[in-house]
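Data block below; observations after.
Numbering (our numbering), first residue to last: 1377 to 1559.
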């Protein structure tokens, strides 16, 4: 028979195990801001318990968009000569000077689209130009746009653009001759 190995402390009670080493936990920004107050002014030096107790109040400030630097300036500004209770003093300032919540950012309205009548070029909203024609052009009985500002119908413009594109792909001598003929 093998004897059972137990670890017992004094008086037969089980010995407490040593706590497992924890990873280094970084303090929150709110806690860190409070802990650094004493560096800016020794009258506001806070203990770790004070920092932990005031941490939720500072978190509210930070959630409202206040930077740690601004918060420190607010808490340190205008201190009396003697601060008897740094925790009470800081707590009072955190509560009394809490800034308002930031309003939700407003989204600018989308720009309204404007079009032109394809016939007379009068500007208007898309719903006022069904088929691309304004009311006056529709009432005159036209169903297709007439000549544009160049004096050419849209079909002729597209055909001429196709010719120019084709000439750009052609060798230099043909391109020069084609462009001379059309001018």
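A virtual CB, placed ideally from N, CA and C, is assigned to each residue, including glycine.
What separation, rounded to the nearest whole angstrom, lies between the Cα atoms of residue i and residue j?
i            : j            : result
residue 1461 : residue 1478 : 31 Å
residue 1534 : residue 1485 : 36 Å
residue 1509 : residue 1540 : 29 Å
residue 1415 : residue 1463 : 15 Å
residue 1513 : residue 1440 : 57 Å
residue 1545 : residue 1480 : 56 Å
residue 1436 : residue 1487 : 37 Å
residue 1501 : residue 1507 : 12 Å
Can you give me the Cβ contacts of residue i inside the same chain, cut-off strictly under 6 Å, excluding the 5 residues immediately before and after it?
i            : result
residue 1470 : 1433
residue 1378 : Reliability fails at residue 1378, whose pLDDT of 47 lies under 50, so the model's placement of it is uncertain and the value that follows must be treated cautiously. Around residue 1378: no qualifying Cβ.
residue 1426 : 1463
Does residue i have its Cβ less than 8 Å from a Cβ in chain C?
i            : result
residue 1475 : Annotation note: the requested chain C is absent from the structure, which comprises a single protein chain.
Is it the case that the Cβ atoms of residue i and residue j are separated by a distance below 8 Å?
i            : j            : result
residue 1438 : residue 1405 : yes
residue 1413 : residue 1450 : no
residue 1422 : residue 1411 : yes
residue 1482 : residue 1444 : no
Would you mind reading off the limits of the alpha helix (DSSP H) that contains residue i?
i            : result
residue 1531 : 1530-1545
residue 1469 : 1462-1472
residue 1434 : 1424-1439
Enumerate in chain order the residues of its own chain whose CB-to-CB distance from residue i is below 8 Å, with the five nearest sequence positions on each side excluded.
i            : result
residue 1395 : For residue 1395, the predicted model reports a pLDDT of 49, less than 50, meaning its position is unreliable and no value from the coordinates is stated.
residue 1447 : 1409, 1434, 1437 and 1438
Within a Cβ cutoff of 7 Å, which residues of the same chain sit near residue i, ignoring the five residues on either side of it in sequence?
i            : result
residue 1503 : none
residue 1442 : 1475
- Query: Can we say the region 1441-1458 touches the region 1489-1499, given the rule of at least three CB pairs closer than 8 Å?
  - Reply: Between the region 1441-1458 and the region 1489-1499 there are fewer than three C-beta pairs closer than 8 Å, too few to call the two in contact.
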